[in-house]
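Student:
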RNA sequence: GUGGUCGUAGCUCAGCUGGUUAGAGCGUCAGAAUGUGGCUCUGAAGGUCGUGGGUUCGAAACCCAUCUUCCACCCCA
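Residue numbers (the working numbering): -2 to 467.
1) Extract the residue ranges of the alpha helix (DSSP H) inside the region 241 to 268, only unbroken runs of 4 or more that lie entirely within it.
2) When DSSP labels each residue in this structure, what does residue 32 get in the three-state scheme?
3) Go ahead and label residue 205 buried or exposed: buried means 16 or more other beta carbons lie within 10 angstroms of its beta carbon, across all protein chains shown.
4) Could you give the first and the last residue of the continuous alpha helix (DSSP H) run that contains residue 315?
5) According to DSSP, is residue 425 helix, strand or coil?
6) Please list, in chain order, all residues of the same chain as residue 174 whose beta carbon is under 7 angstroms from its beta carbon, the five residues on each side excluded.
7) Using a 10 Å radius around the Cβ and a threshold of 16 neighbouring Cβ atoms, would you call residue 120 buried or exposed?
8) Just to confirm the assignment: which complete beta strand (DSSP E) runs, minimum length 3, are found wholly within the region 317 to 401?
9) For the region 294 to 309 against the region 335 to 352, are there 3 or more C-beta pairs whose distance is under 8 angstroms?
10) Output yes or no for whether 9 angstroms exceeds the beta carbon distance between residue 28 and residue 368.
11) Closest by CA to residue 462, which one among 408, 419, 9, 394?
12) Using the beta-carbon count (16 or more within 10 Å), is residue 17 buried or exposed?
13) Which class does residue 132 belong to by DSSP, given the choice of helix, strand or coil?
14) Tell me the rounded alpha-carbon separation between residue 331 and residue 421.
15) Do residue 184 and residue 295 come within 9 angstroms of each other at the CB atom, strictly closer than that value?
16) Buried or exposed for residue 275, please, with buried defined as at least 16 other CB atoms from any protein chain shown within 10 angstroms of its CB.
17) Could you give the distance in angstroms between the alpha-carbon of residue 460 and the alpha-carbon of residue 415?
18) For residue 124, which residues from the same chain have a beta carbon less than 8 angstroms from its beta carbon, with the 5 sequence-adjacent residues on both sides left out?
19) Along the chain, where does the alpha helix (DSSP H) that runs through residue 154 open and close?
20) Could you give the distance in angstroms between the alpha-carbon of residue 257 and the alpha-carbon of residue 284?
21) Excluding the five sequence neighbours on either side, which residues of its own chain have a C-beta within less than 8 angstroms of the C-beta of residue 4, listed in chain order?
Laid out in C-alpha cells, this is it:
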C-alpha cells in the first residue's frame, strides 16, 4: 500500500485555529449588526434539488453549479444499447448520442447540487414556509456556498456568504437599511469602503432610450468595462455586438457623464424622455439618495451607472461594495428583485438583499493588518504540572476558575518546567500558575505573568479576584 | 470554459547552458548544574526535486500528459 500525499480539492481551504478565531471575529461582527437591525437567522441544506438551482443564474451560472451524482446505481434505467431521453420516448442508442445530449444525461444521473448562493435557496424557503412567516420577512444566513469556478486570488470554490434579505415589501427604506448595515459592519471591522449603487431600471431605460432594449445586457457589460478598456474599445465592442451606430452615438452622453450625482441625473433625465422605465429608475434613485444624505454614514457611497451586476434576477437597485485600500473584487453585493419567488409559485413579492463575502473580507483585513490582537488567545491560565499530588491540588482550583468563566487548562504530565512554560509561551497564554510542595504547604500560589516575567505569591482567593478584575 | 504561469525539506527560497553523496535561512526536535519560557550556544532529524510517462550513458534541470498555484479573459463574494 503506497502512502498518498494528503490534499484537498482545488479552490478549497483548511482553516487553522488562528484563522478561525479571526474568521469568527468577522462572523460575529456581521451577525450582531444584522441582529441590531432586526434580522433573524435561518439555515438551509448544503444541497438543493437541481430543479431549484438550474436556470436561476443564467447560462454561465448553470455551468458553475456543482452537481451531485445520484447515490446507488445511477445508471439504472439506462438500457445497455443506449439512452432513453427523458423528454420524449424515443430511445437513442450509442455513446455518441449520449454525449450529444449531455444535458439530458446529466439530468438522469444527477438530481441534486450544492448551493451556488444563499438567495435562491432563501426564495425557495420563503415559498415553502410562507404560512409560518411574518412579512416583511427579515432574515440573515451565514453559510458556505460552492461554485465550480476557476480559483484566483479572492476567488474560491467554497466560500462563506453572509446574506441579509428582506422579502415582502417594495419600500426603499430597506435599501437604505442595507446600506446602513454595510456602513456599520465595515466601520466595526475597520475597513474603509465605497458603496456603489445603480438601478436596473436605469440600465433598462438606457437600452430602451437608445433604441436597443433587447441589448440591455450587452450594453451594461460594455459600460462596466469603461474604466478598464477605455471609451474607444467599449464602442468597438458594442459594434461587434451588432449595435447600430445611431444607438452607440445616442449612448455617448451616458459614457461621458461625470460630475455630481445630480449632474448625472440631469443627463439621464434628458435621455429618459423616451423611456418610462428609465424615469421610474430615476425616481427611485433620487428618493434613495435623498434619504441617504440625511444619514451621516461613515463610509463613502455614490451612484455609479457603470455598475452592472450580472445575476438575472435583480430588477431595481443594485449595490456593490469595494474596499478602498485593496485591489480585490467586491466584498459585498446585492440588490432588489421583484419576483424571485414567482418561479416557485409565489408571484409579486418584492425583496431586497445583500451578501457579505466573508473570505474576501478576511483577505482584505489580513492584507491591511486589521485584526485586533485581543482576539488572539483563548486560554488565559495554565496550571503547571509537578506530579500526581500537585495535579490533584491544581485540578480543584482549575475547576473553580473555569466556573468563573475564565478559560484555563493544566499541562497533561509533569514534564520539565522548561517545556511546560514554553508551551504556555507558544500558545500565548498570559498566566502560568506553579503549584509545587511549597505552594501546597503555604497555600500561596506562584503566579507568573509570561509577558513581563514577573512572579507573585497569591492566595487562591486573591488570585481568582485578580482574574475577575481584568 | 479560453489563454498563460508556478510547483525543490514544515515554511521562504538557491541549485550556472543536463554530469557524480541536492543546499541555505527560518522552523522542528534534543542538549547547555536536576522548580522557570521568549534571547544565545551546540547537535540532530527531515527531500520518491508535485505526480506519471518519455528523450539521454546520465535529468531537479529537456519533451509530453496530469494535478496544484497564481494571473488575464469570462463571471463574481
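Every residue gets a Cβ at the ideal spot worked out from N, C-alpha and C, and that includes glycine. Just so it is clear, the structure is predicted and the values come from calculations on it, not from any experiment.
Tutor: Concretely, from the data shown:
1) The qualifying runs are 242 to 253, 258 to 268.
2) Here residue 32 corresponds to residue number 35 of the first chain, with the count starting at 1. DSSP, read as helix, strand or coil, puts residue 32 in helix.
3) The sequence position of residue 205 within the first chain is 208, counting from 1. Burial call: buried.
4) One-based indexing of the first chain puts residue 315 at position 318. Segment 314 to 320 is the beta strand (DSSP E) holding residue 315; no alpha helix (DSSP H) there.
5) As a position in the first chain, residue 425 is number 428, starting the count at 1. Of the three classes helix, strand and coil, the one that applies to residue 425 here is coil, per DSSP.
6) Here the question's residue 174 lines up with position 177 in the first chain. Same-chain partners within the cutoff: 34.
7) Against the first chain, residue 120 aligns to sequence position 123. Its Cβ being crowded by 16 or more others within 10 Å, residue 120 is buried.
8) 329 to 334, 348 to 354, 378 to 380
9) no
10) Your numbering for residue 28 matches position 31 in the first chain. Your numbering for residue 368 matches position 371 in the first chain. At the C-beta level, residue 28 and residue 368 stay beyond 9 angstroms of one another.
11) Start at 1 with the first residue of the first chain, and residue 462 comes out as number 465. The candidate whose alpha carbon is nearest that of residue 462 is 394.
12) As a working mapping, residue 17 is identified with position 20 in the first chain. Under this definition residue 17 is an exposed residue.
13) For this step, residue 132 is matched to residue 135 along the first chain. Coil, per DSSP.
14) If you number the first chain from 1, residue 331 lands on position 334. If you number the first chain from 1, residue 421 lands on position 424. Approximately 45 angstroms, taken between the alpha carbons.
15) Within the first chain, residue 295 is the residue found at index 298, counting from 1. Within the first chain, residue 184 is the residue found at index 187, counting from 1. Yes, they are a contact pair.
16) By one-based count along the first chain, residue 275 stands at place 278. So residue 275 ends up on the buried side.
17) To locate residue 460, count along the first chain from 1; it is residue 463. To locate residue 415, count along the first chain from 1; it is residue 418. The alpha-carbon atoms of residue 460 and residue 415 are separated by roughly 23 angstroms.
18) Within the first chain, the letter at position 127 stands for residue 124. So the qualifying residues of the chain are 338, 341, 342, 343.
19) For the purposes of this step, residue 154 is identified with residue 157 of the first chain, where counting begins at 1. Residue 154 -> no alpha helix (DSSP H), and no H or E assigned at all.
20) To locate residue 257, count along the first chain from 1; it is residue 260. To locate residue 284, count along the first chain from 1; it is residue 287. Taking the straight line from one Cα to the other gives about 16 angstroms.
21) As a working note, residue 4 is residue 7 in the first chain. So the list is empty, once near-sequence residues are dropped.
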